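Residue numbers (our numbering): 104 to 773.
Right, dumping it as structure tokens:
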């Protein structure tokens, strides 16, 4: 598994502090609210979207520690009578720091190449494992015991060499994290370069570099002293210590909700609910701010987990808002779309637009036909670069009638959970316990469509265990897709359907593992071939797509210019270029503009040709057209979008029907 991590994304302030005196996590304060002592700013890995570890999270981590380092050590390292914080870190799959008692004990990851969970201890975690193993007489695995005379060299940061090894665990594999010790004295952590059988040969010959010394993982912490000062805590105590902070952020979000409503006094008010923690937090905040005077929008993409549907109704019932819930269902539309577009990707999320956004558009048309709706969303900056960059109030071009507002934009996940689970929520003058989506208690960090390409392989593995019947349909479809596209088994094994373009981190990981990824389907054939005899005034070539001249002529109305159809040859003239295309795909361009503009134009032509041939009836172009002049026409064997402008509603050439089309998204970098 690669040890080099991706560059850490700073999406917001790192809020975690720690009170060493009382052993409390303190949010965003240099002083402990309880004892008034100074807190320590905790250097978690950005983005710092810290969250509480639930019991099932901890059970999985303990089990992994037991199998890796020794039976019983998981319970000793992470006893039940304390609190633990998880912090997701960059990596190609699941990777979370485990924080306890003011220290990072280690990192819990899913190794996609070995298809297993792993615990990678940090210095304090390794020291504790060594201490408990000695104390309880538990054979410690993944350890290398060094001769006394090699200790000074190890402490200087030298590599772990075979002549200095007294004992080692024969189950060590290449690139495992190992605890380096001198009997019961902790020295450092190291990454093995070879496996146990090779170490044996090296030790016998007295020659060879066995492991790389992680120099920054040495520690002089006194473990007996550290353990004697630990004060056990509960999440109820954590909330009480951070109550002032929580009251402040709740008050700020409440003011934001009220001021935003005042800014749009005539618009209907809604909360877009997804069944996840962030939309639940937002729903409760809006309820707290204005009472049950709003709508609840739920877009059922057809890929929702049953726990999500159940939670939506439970929350609405608790708040007495069953009559305020508006649900629209996409049913099996996803399965129709993927037959046209292939699987969705993190960089190709046609499903969000064709499933979720469309359902919200339908609900808005019912609730406030022809009007805009002010909708509060559970979006937070710590989730992604795009969400960090968005304004707190904005309009999503895929949902043009929705004014979106994000009350918890600056909250981290720990603040969200403290609010949901421990803030006093009052309904009809009674404090109530808020129902939480059950999937959060089954080792799932995020809740959404069960086939979301943003999911990591660890999450998909968990889904196959919790909902095997739902995942079976997807796995069968994916198997058939891979066969049709002549893709290797590794395409499915590594979940590469989740990417349209393979990012650098994955490429580096494959290269380090010696895996050839050239056959994984990321190199697509060009849809355009250019002739070699180009000049500054003439560009010629061939488009490798079926050309339907009449249908293309209609759709070319989206571009500003004039179109002429003569003898199966289509001419388009604008201020920037003159374009000619015949039904065989041969084209010519007389440019009066830059290469970048020509490239953009050709991508638009490709998208329009694909729309005439492979429209999936996703409805995105119909929904986002501000003039409402696009109709999806059903033919005998396929669908085709048709533009119907008029004097009263002309095309304004906004180009949204092209730029927002999933087919354009698919080929825009061709």
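Built from N, CA and C at the ideal position, the CB exists for glycine as well.
Predicted, not measured: the structure shown is a model, and the values here were computed from it.
Task: Residue burial classification, residue 419 (beta-carbon count within 10 angstroms, cutoff 16) - done: So residue 419 ends up on the buried side.
Practice problem: To the nearest angstrom, report how far apart residue 644 and residue 730 are at their CA atoms. | Solution: Whole-angstrom Cα-Cα distance: 35 Å.
Compare the Cα-Cα distances from residue 274 to each of 299, 558, 639 and 363 and report the closest residue.
When 299, 558, 639 and 363 are compared, the shortest CA-CA separation from residue 274 is found for 299.
**Asked** What is the rounded straight-line gap between the Cα of residue 372 and the Cα of residue 718?
**Response** Whole-angstrom Cα-Cα distance: 34 Å.
| said: So residue 176 and residue 241 are supposed to be a Cβ contact under 8 Å. How far apart are they, rounded? | reply: Between residue 241 and residue 176 the Cβ distance is about 6 Å, and since that is below 8 Å, they are a contact.
With burial defined as no fewer than 16 other Cβ atoms inside 10 Å of the residue's Cβ, what is the status of residue 106: buried or exposed?
Here the model assigns residue 106 a pLDDT of 42, short of 50, so the residue's position is not dependable, and the following value carries that caveat. Per the 10 Å Cβ criterion, exposed.
- [ ] Enumerate, from N- to C-terminal direction, the unbroken alpha helix (DSSP H) stretches of 4 or more residues contained entirely within the stretch 469-530.
- [x] Counting only runs of 4 or more, we get 488-492 and 516-525.
Handout entry: Whole-number beta carbon distance between residue 437 and residue 406, since they are thought to touch under 8 Å
Key = The pair is a contact, with the Cβ atoms about 6 Å apart (cut-off 8 Å).
Secondary structure at residue 630, three-state DSSP: helix, strand or coil? Shown here, residue 630 sits in coil according to DSSP, grouped into three states, outside any helix or strand.
ask   = Taking the alpha helix (DSSP H) that residue 95 falls in, what are its first and last residues?
value = Residue 95 falls outside the range modelled here, since the chain spans only 104 to 773, and no answer is possible.
C-beta contact flag for residue 676 and residue 665 at 8 Å
Going by C-beta atoms, residue 676 is nearer than 8 Å to residue 665.
Counting pairs of Cβ atoms below 8 Å between the stretch 454-471 and the stretch 611-622, do you hit three or more? With a cut-off of 8 Å, the stretch 611-622 and the stretch 454-471 do not count as touching, because too few Cβ pairs lie within range.
In the DSSP output, what is residue 281 paired with across the bridge? Per DSSP, the beta bridge partners of residue 281 are 293.
Between 703, 225 and 740, which has its C-alpha nearest residue 790's C-alpha? There is simply no residue 790 to check, as the chain begins at 104 and stops at 773 in what is shown.
**Prompt:** What separation, rounded to the nearest whole angstrom, lies between the Cα atoms of residue 199 and residue 162?
**Reply:** Using only the alpha carbons, I get a separation of about 15 Å.
Quiz item: What three-state label does DSSP hand residue 645 in the structure shown?
Solution: If DSSP states are grouped into helix, strand and coil, residue 645 belongs with the strands.
Residue 515 vs residue 153 beta-carbon contact at 8 Å: Contact flag set, yes.
Next on the checklist: Let me make sure I understand the geometry here. Which of 716, 347, 236 and 529 has the alpha-carbon closest to that of residue 650?
Outcome noted: The candidate whose alpha carbon is nearest that of residue 650 is 716.
Notebook entry, point to check: Could you give the residue range of the beta strand (DSSP E) that holds residue 667?
Noted result: It spans 665-669 - the beta strand (DSSP E) in which residue 667 sits, taken as one unbroken run.
- Query: Closest by CA to residue 340, which one among 683, 602, 766 and 126?
  - Reply: The candidate whose alpha carbon is nearest that of residue 340 is 126.
* Asked: What did DSSP end up calling residue 113 once you bin it into helix, strand or coil?
  -> Three-state DSSP puts residue 113 in coil, outside helix and strand.
Can you find at least 3 beta carbon pairs, one from the stretch 263-273 and one from the stretch 296-310, that sit closer than 8 Å? Touching, yes.
Is the stretch 361-376 close to the stretch 537-546, with three or more CB pairs under 8 Å?
Two segments are said to touch when three or more pairs of C-beta atoms, one from each, lie closer than 8 Å; by this definition the stretch 361-376 does not touch the stretch 537-546.
So, with DSSP's three-state summary, where would you put residue 106? Here the model assigns residue 106 a pLDDT of 42, short of 50, so the residue's position is not dependable and the matter cannot be decided.
Considering only the beta carbon of each residue, do residue 776 and residue 384 sit closer than 8 Å?
The chain is shown only over 104 to 773; residue 776 falls outside these bounds and no answer can be derived.
Delimiting residues of the alpha helix (DSSP H) encompassing residue 328: Boundaries of the alpha helix (DSSP H) harbouring residue 328: 326-332, taken from the DSSP string.
Please report the straight-line C-alpha distance between residue 433 and residue 720, rounded to a whole angstrom. Cα to Cα, the separation comes out at about 13 Å.
- Task: Would you kindly report the start and end of the unbroken beta strand (DSSP E) that includes residue 623?
- Result: That residue, residue 623, is in no beta strand (DSSP E); it is neither H nor E in DSSP.
Does DSSP put residue 694 in a helix, a strand or coil? Strand at residue 694.
Does DSSP classify residue 310 as helix, strand or coil? Assigned with DSSP and collapsed to three states, residue 310 falls in coil, not helix or strand.
- prompt: Do you know whose CA, among 144, 455, 470 and 508, lies nearest residue 556's CA?
  reply: Across the set 144, 455, 470 and 508, the C-alpha of 455 shows the shortest separation from the C-alpha of residue 556.
### Query
What is the DSSP secondary structure of residue 185, reduced to helix, strand or coil?
In the structure shown, residue 185 adopts coil according to DSSP, grouped into three states.
Neighbourhood of residue 166 by C-beta distance below 6 Å, restricted to the same chain and skipping five residues each side
Correct list: empty, nothing qualifies.
*For the 8 Å Cβ check, are there 3 or more pairs between the stretch 413-427 and the stretch 384-403?*
Under the Cβ criterion (8 Å, minimum of three pairs), the stretch 413-427 counts as touching the stretch 384-403.
*Return the CA-CA distance between residue 192 and residue 588, expressed in angstroms with no decimal places.*
Inter-residue distance for residue 192 and residue 588 is about 34 Å (C-alpha atoms, whole angstroms).
* From what residue to what residue does the alpha helix (DSSP H) around residue 683 run? -> First-last for residue 683: 680-685, but that is the beta strand (DSSP E), not the alpha helix (DSSP H).
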